[in-house]
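Each protein sequence line maps, in turn, to chains A and B. Here the first sequence is numbered in numbering that gives the first Met the number 0, starting from 0 and rising by one per residue. Here the second sequence is numbered in numbering that gives the first Met the number 0, starting from 0 and rising by one per residue. Positions of the beta carbon are idealized from the N, C-alpha and C atoms, including for glycine. Remember, predicted model here, so these are calculated numbers, not experimental data.
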Amino acid sequence: MEMIKQKLEKILHKVQKPARYTGGEYKQVVKNKQDVKVRVAFCFPDTYEIGMSNLGLRILYGILNSIEDVWCERVFAPWVDMEAEMRNNGMPLYGLESYDAINKFDIVAFSLGYELSYTNVLNMLDLAGIPLRSADRGENDPVVIAGGSCCYNPEPMTAFFDLFVVGEGEEVIIELIDAYKSKTDKAGFLKSAANLEGVYVPALHGTDSPQPVIKRIVKDLDKSYFPVDTIVPSTGIVHDRAMLELFRGCIRGCSFCQAGHTGTPVRSRSPQTLTEQGKAAIVNSGYDELALLSLSTSDYKYLDELCDNLLQWCQPRKINLSLPSLRADSFSIELMERVQKVRKSGLTFAPEAGSQRLRDYINKKITKEDLLEACRVAFEGGWNSVKLYFMLGLPTETDEDIKAIAELAHDVHQTWRDNTRNRNRGVRITISTSCFIPKPHTPFERKAQIPISEYLRRVDLLRSSIRSNAITYNWHSPEQGYIEAALSRGDKKIGDVIEATWKLGSRMDSWSEHFSFDSWINAFNNCSVEPDFYATRERNKNESLPWDFIVIRGG
Amino acid sequence: MKACRGTLLLYEGVDCNCSEGIRKTFNGFSQHTNFAVNTSFHYSASALAGTIKSFPDALWTVTKIWMEYNMQKIRLRYAKTDKAMYISHLDLMATMQRAFLRAGIKLKYSEGFNPHPYMSVALPLSVGNESLCELMDIAVEDDALTDIKKIKLPEGIEVLEAYKPVRKFNEITWAEITGSMYYETKISDMLIETLAKCYSRQNIVVSKRTKRGNKDLDIAPYIKNVSFDVTDIITMNAIISAQNPTISTDDIMNALNDENKPEYIRIKRIEIYDSNMVLFK
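Listed below in structure tokens is the structure:
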């Protein structure tokens, strides 16, 4: 601890945003090492600002630290400048609470939320001085485990983890800790852990045809733990506000959406519970904004009642409610009008596809009329900026579907002209497209991603179909999406590629300024693995899939 | 009529009728409205609020309005040391605001479209420097001085005192500081002698970065009572000008030749004084 503290003093004045690396925030948990039996490093493989905005981290941090003899600390991926300083000064990765190196911890737990963070996982293990591969770790190395939505296809990362938690972690993590306490060696722990529902231990599940692993869920969400008294960061993070989780799962079932298909069944919290939690979260944190989170907030049955309750308490206190993930319909916009008295910034809708035919095909049940009606209410209410999100390359997409995106944006523009209070102010309509990525456990899990060149052709087509200066078009570069597609439907061979590309210098791949497509392609070549085999190939219905043994519908 | 001070920001796209109205209302305001312009004005608070309401379509925002006539101000003295020295000024403001709200302190908010609490720091501290004598004024709804023990802050920030302010921040002139100087190489007697000599020169000209490029400044009149303590590191004790001009870590560093420069200097503010070297309160 002293060693790391001294080294930090020497290097922190040289790096960007040093407050990310110090810990010491209000409500961080510090325990007496003598009283603690199990030390957990909760590792988030991205920066502090991203990781601290993650609700899962807050939940598990709270649950683990509520156990008296367990101490859970936070670890984030250092930004590249900090990483360089740490390596130059021989400084290992440490827990923010204790400043102890995490290679002496009992359990090192990673949150795997998106595939492009995989190289950060390896980089963090390396910075910690922990052997990357499970097979190379001994009795004195920590148990390295993973959870999060990427574990619905754990195969690409199996070589690096001793254990995966599939599904929701808040109950199984306590069972894992109990199992850890009752066993004296790693093998014994893994053996008993493998019997827990939702736990996948690659070494014990058979290499060729793993036993089924049933995803874990929390049955009674209303009674489950929610972090209303949690860390308040001392430096700005991405979502700097108090959070409420309305429900899990989604009634919609859009065919491309992994979260919607893996989060089943839908489980809600009661408006009474949420109102109390919302007040407590504000009082305990001192935040002036409360976000109502879920996969589709408009679908919460008691949304009106909840908003009324919260508004009554929040408005005199100048607390703002924010409602991300609203559906594009007039009900939602009217609610938004009522909730947000100030800050009429921008509205964001995600029709995902331009034509009704394609929206019906992908089961995104929103009509053009819904969207235009929502826009009408919004423009009448004084909004003057709308963002529309689409995917290019959805299965069955034709050039007509792409032109329909431009048409839809023109219709939104016309709606603005017909309904705005003041035409002189102008309007900003922004179209964003990204490349469709087929995901495991969705109806599209066997579909092909379109090649990069084809995505770019469709981008050009869309761009040339836009005739109005009021419409801006942004598109995500397809290279990251292509790699993500190869990783998300990958098998064990992909693990070698991830390690190879990390060795070539890849990290922070979700940050476009650090993503190196060349490095990935070289790694695929060096491992004699063909990325097209994973990304752009359609699987026939008889082909077995790497994630077949993960059972989603068990809960 | 009571005075109200503030900043008026006009954004691009304000329509002419409206800006004409504003121009008439706020005496002396005559800039082009095509660019964001900044002007101070003196006007009654209620008339100002009326003006805002009478131009609902204008794309303009009034920021930083504070009413001096009925404001209950509290001055807090706090320390910012150790881990907290890496919290930037902007982040500190958010951190303090949240701590006040947690402690149940009713902050007074500005008027306008985006109300924000009135908080003002006397001498914003650079990231990486420490202080035992930071001052912040806040405006509150009720008159009562808060129990400062209720204000719970991150490690390294501690509110030490709260009182009703009398003097204005612009009377602060001097700051007593220590500067911990870290060297890679071993510290020699020679080095300390050189340092002492360097800071006692008749003229100490350093290049200061300003908004209009670099400017040479003789900092000799603004740095006094320099002495050194030597342990594992060299600690400089000095009294430096706190504002107009502010002597920064860089200035203290740049007074030295390259071969005598430490790896880095960590400044710690110990106390602040007015122009007569009377403790500022």
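- If you draw a straight line from the Cα of A:Ile106 to the Cα of A:Leu11, it comes to about 27 angstroms.
- By the rule that beta-carbons nearer than 7 angstroms mark a contact, A:Ala290 does not touch chain B.
- Unbroken beta strand (DSSP E) runs of no fewer than 3 residues, entirely contained in the region 21-77 of chain A, are found at 37-43, 69-75, following chain order.
- Selection B:Ile251, B:Tyr108, B:Ile269 evaluated against B:Tyr221 yields B:Ile251 as nearest (Cα-Cα).
- At a beta-carbon threshold of 8 angstroms, the residues of chain B lying near A:Pro17 are Tyr85, Val126, Gly127, ordered along the chain.
- One Cα belongs to B:Pro244, the other to A:Leu95, and the distance between them is close to 38 angstroms.
- Counting along the chain, A:Asp303 sits inside the alpha helix (DSSP H) bounded by residues 302-313.
- Judged by beta-carbon spacing, A:Tyr388 lies within the 7 angstroms limit of A:Ser431, meaning their Cβ atoms are closer than that value.
- For B:Arg101, the chain A residues whose Cβ falls inside 9 angstroms of its Cβ are Tyr25, Val231, Val282, Asn283, Ser284, Gly285, in order along the chain.
- For the pair of segments examined, the region 263-280 of chain B was found not to touch the region 182-196 of chain B: the number of CB pairs separated by less than 8 angstroms stays below three.
- For B:Thr234, the secondary structure class from DSSP, reduced to helix, strand or coil, is strand.
- Here DSSP, grouped into helix, strand and coil, assigns A:Phe330 to helix.
- Excluding its 5 nearest sequence neighbours in each direction, A:Asp34 has C-beta neighbours in its own chain below 8 angstroms: Glu67, Asp68, listed in chain order.
- One Cα belongs to A:Trp510, the other to A:Gln257, and the distance between them is close to 22 angstroms.
- According to the DSSP assignment, B:Val205 belongs to the beta strand (DSSP E) that extends over 204-209.
- In terms of beta-carbon proximity, A:His12 lines the interface with chain B, with at least one pair separated by less than 7 angstroms.
- When Cβ pairs closer than 8 angstroms are counted between the two stretches, the region 92-100 of chain B is seen not to touch the region 165-185 of chain B, the count staying below three.
- Contact of A:Thr234 with chain B is assigned, a C-beta pair being separated by under 7 angstroms.
- With a cut-off of 8 angstroms on Cβ pairs, the region 402-416 of chain A is not in contact with the region 445-453 of chain A, counting fewer than three such pairs.
- Neighbours of A:Lys317 across chain B, judged by C-beta separation under 7 angstroms: Tyr108, Pro114.
- For A:Asp45, the closest alpha carbon among the candidates A:Gln27, A:Tyr20, A:Ala76, A:Val28 is that of A:Ala76.
- Put simply, the CB of A:Thr419 is far from chain B, with every gap to its CB atoms at 7 angstroms or more.
- When 9 angstroms is used as the limit between beta carbons, B:Tyr263 is near these residues of chain A: Lys9, His12, Lys13, in chain order.
- Straight across, the Cα-Cα distance linking B:Lys207 with B:Asn213 is about 6 angstroms.
- Under a 10 Å Cβ-count criterion, A:Leu56 is classified as buried, with 16 or more other Cβ atoms of the shown protein chains found around its own Cβ.
- Taking 7 angstroms as the cut-off, the beta carbon of B:Thr248 is found no closer than this to the beta carbon of B:Ile233.
- With a threshold of 7 angstroms between beta carbons, A:Thr441 makes no contact with chain B.
- Excluding the 5 residues flanking it on each side, A:Ala373 has same chain C-beta neighbours closer than 6 angstroms at Ala327, Asp328, Ser329, Ile332, in chain order.
- Not a single CB atom of chain B sits nearer than 7 angstroms to the CB of A:Thr397.
- Within 7 angstroms of the CB of A:Thr21, the CB atoms of chain B belong to Lys82, Tyr85, in sequence order along the chain.
- Around the Cβ of A:Thr395, a 10 Å sphere holds fewer than 16 other Cβ atoms; the residue is exposed.
- Annotated three-state conformation of B:Asp188 is helix, per DSSP.
- Residue environment for A:Ala100: buried (at least 16 other C-beta atoms within 10 angstroms of its C-beta).
- For A:Asn102, the CB contacts under 6 angstroms within the same chain, skipping 5 residues up- and downstream, are Ala127, Gly128, Ile129 in chain order.
- Between the region 230-242 of chain A and the region 263-271 of chain A, the count of C-beta pairs closer than 8 angstroms stays below three; the two stretches do not touch.
- Close partners of B:Leu159 in chain A (Cβ separation under 8 angstroms) are lacking, with about 18 angstroms as the shortest Cβ gap.
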